[in-house]
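Here's the structure we're looking at; comments come further down.
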Amino acid sequence: MNHWAFVIAAYAVVLIGAGGLAVASYLAMRKAEAAADAMKGKK
Amino acid sequence: MPALHAFANPARFLKIARPLTPVLFWAGAALALFGAYSGLVLTPPDYLQKETVRILYIHVPSAWLGMGAWSGIAISSLMYLVWRHPLSNLAARAIAPAGAVFAALCLITGSIWGRPTWGTWWEWDGRLTSMLLLFFVYIAYIALARADADRGGDGRVPALFGVAGSVLLPIIRYSVVWWNTLHQGQSIGLTSSTIDRSMIWPLFFTLGGFTLFFGGIVLMRMRAMLAAQKVEARMRRMAQ
Numbered sequence: 001m002n003h004w005a006f007v008i009a010a011y012a013v014v015l016i017g018a019g020g021l022a023v024a025s026y027l028a029m030r031k032a033e034a035a036a037d038a039m040k041g042k043k
Numbered sequence: 044m045p046a047l048h049a050f051a052n053p054a055r056f057l058k059i060a061r062p063l064t065p066v067l068f069w070a071g072a073a074l075a076l077f078g079a080y081s082g083l084v085l086t087p088p089d090y091l092q093k094e095t096v097r098i099l100y101i102h103v104p105s106a107w108l109g110m111g112a113w114s115g116i117a118i119s120s121l122m123y124l125v126w127r128h129p130l131s132n133l134a135a136r137a138i139a140p141a142g143a144v145f146a147a148l149c150l151i152t153g154s155i156w157g158r159p160t161w162g163t164w165w166e167w168d169g170r171l172t173s174m175l176l177l178f179f180v181y182i183a184y185i186a187l188a189r190a191d192a193d194r195g196g197d198g199r200v201p202a203l204f205g206v207a208g209s210v211l212l213p214i215i216r217y218s219v220v221w222w223n224t225l226h227q228g229q230s231i232g233l234t235s236s237t238i239d240r241s242m243i244w245p246l247f248f249t250l251g252g253f254t255l256f257f258g259g260i261v262l263m264r265m266r267a268m269l270a271a272q273k274v275e276a277r278m279r280r281m282a283q
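Going line by line, the protein sequences match chains W and H.
Take 1 as the starting number for the first sequence in the working numbering and just add one per residue.
Take 44 as the starting number for the second sequence in the working numbering and just add one per residue.
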């Protein structure tokens, strides 16, 4: 098997893993902070 | 130490974390992408491993973060046990899933690298097995911390687990010295390296980039957890 296939597979895994982690963390932060801001007005 | 205690105040922490989050994240992503591009395009192939050596530029930073993140959990847990700062407990819990992801990426990229280099996807040797154990310890910590939070625990049990788990770090580090292993020995030290200069330089970009990127992710997770705590506290007050 061509060596580049292994290299591309490894880089793709890291891109998907790290990218997925970043997106999930960002969305969780945005959702939680929006909920906290929405609660500010309520007593 | 008083300066450190000052950061344990959530309001003060958020004042610093809000502007720091995008800086760490984007600087880290840019450095990591530049390092990865350089490793793929600008460096020569290895005389023995040929093109597969390029996996080094993502495998080593993943291993560094997989192990470094547990060091962060252990230090935060120790700080929580000694000084009872809630932010230390929060930091440990925020680090864990990100550390688990990078430990998994280290194992997967190592496996992909192993197939053309060693002729096998997996070998039960000291380095690979101890790293796999660390990944399972991450999963156990995440489950324990979640269970503790769900039953209203004070976080001491996960903190003790976080400190105890650090025993794995020297085992992983010295596994290539203590046991005969397929995994190569240490090739990068603090003052010297066995890797040629023409090949090693992008690694410093990916190492720095991944670390900053990780810092940004941890800050995002801590901010999310602090906001969730704020909502929960307010709802509890409203229910009374």
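Built from N, CA and C at the ideal position, the CB exists for glycine as well.
Where the alpha helix (DSSP H) through residue i begins and ends
i, result
"E33(W)", "3 to 40"
"R280(H)", "240 to 282"
"T95(H)", "Taken as a continuous stretch (DSSP letters only), T95(H) belongs to no alpha helix (DSSP H), as it is neither H nor E."
"V144(H)", "129 to 161"
"P53(H)", "53 to 80"
"G205(H)", "199 to 207"
"I335(H)", "This structure gives no information on residue 335(H), because the portion of chain H shown stretches from 44 to 283."
Residue burial classification, residue i (beta-carbon count within 10 angstroms, cutoff 16)
i, result
"G20(W)", "exposed"
"M29(W)", "buried"
"M122(H)", "buried"
"E33(W)", "buried"
"A132(H)", "The sequence shown places Asn at residue 132(H), rather than the Ala named in the question. The residue in question, N132(H), is buried, as its Cβ has 16 or more Cβ neighbours within 10 Å."
"T163(H)", "exposed"
"L160(H)", "Here residue 160(H) is Thr; the residue named in the question, Leu, does not match the sequence. That one is buried."
"P213(H)", "exposed"
"M263(H)", "buried"
"S235(H)", "exposed"
"I260(H)", "buried"
"V14(W)", "buried"
"V180(H)", "buried"
"P65(H)", "exposed"
"P62(H)", "exposed"
"G196(H)", "exposed"
"A54(H)", "exposed"
Beta-carbon contacts of residue i that lie in its chain and below 8 angstroms, excluding the five residues immediately before and after
i, result
"V96(H)", "P88, D89, M242"
"L57(H)", "R266, L269"
"V289(H)", "With chain H covering only 44 through 283, there is no way to say anything about residue 289(H)."
"S173(H)", "L211, I214, I215, S218"
"F94(H)", "Just to set this straight, residue 94(H) is Glu in the shown sequence, not Phe. So the qualifying residues of the chain are P88."
"F178(H)", "G109, A143, A146, A147, L150"
"A276(H)", "none"
Three-state class that DSSP yields for residue i in the structure shown
i, result
"S119(H)", "helix"
"S114(H)", "helix"
"D193(H)", "helix"
"S173(H)", "helix"
"S105(H)", "helix"
Proximity test, Cβ basis, 8 angstroms: residue i and chain A
i, result
"V7(W)", "Looking at the structure shown, chain A is missing, and the protein chains on hand are W and H."
Close Cβ partners of residue i (< 6 angstroms) along its chain, the five nearest in sequence each way excluded
i, result
"E284(H)", "One cannot answer for residue 284(H) here, as it falls past the ends of chain H, which runs 44 to 283."
"P11(H)", "Lying outside 44 to 283, the shown extent of chain H, residue 11(H) is not represented and no answer is given."
"G82(H)", "R97, Y100, P245"
"T209(H)", "The sequence given here has Ser at residue 209(H), not Thr. Within the same chain, S209(H) has close Cβ partners A117."
Close beta carbons around residue i, own chain, < 7 angstroms, minus the five adjacent residues each side
i, result
"W156(H)", "T95, I98, H102"
"A70(H)", "L255"
request  = Determine contact between the segment 230 to 243 of chain H and the segment 1 to 8 of chain W, defined as no fewer than three beta-carbon pairs at a distance below 8 angstroms.
outcome  = no
task = Pair every Cβ in the segment 61 to 74 of chain H with every Cβ in the segment 249 to 259 of chain H, then say whether three or more of these pairs are closer than 8 angstroms.
result = yes
query = Three or more beta-carbon pairs under 8 angstroms between the segment 108 to 119 of chain H and the segment 136 to 148 of chain H, yes or no?
reply = yes
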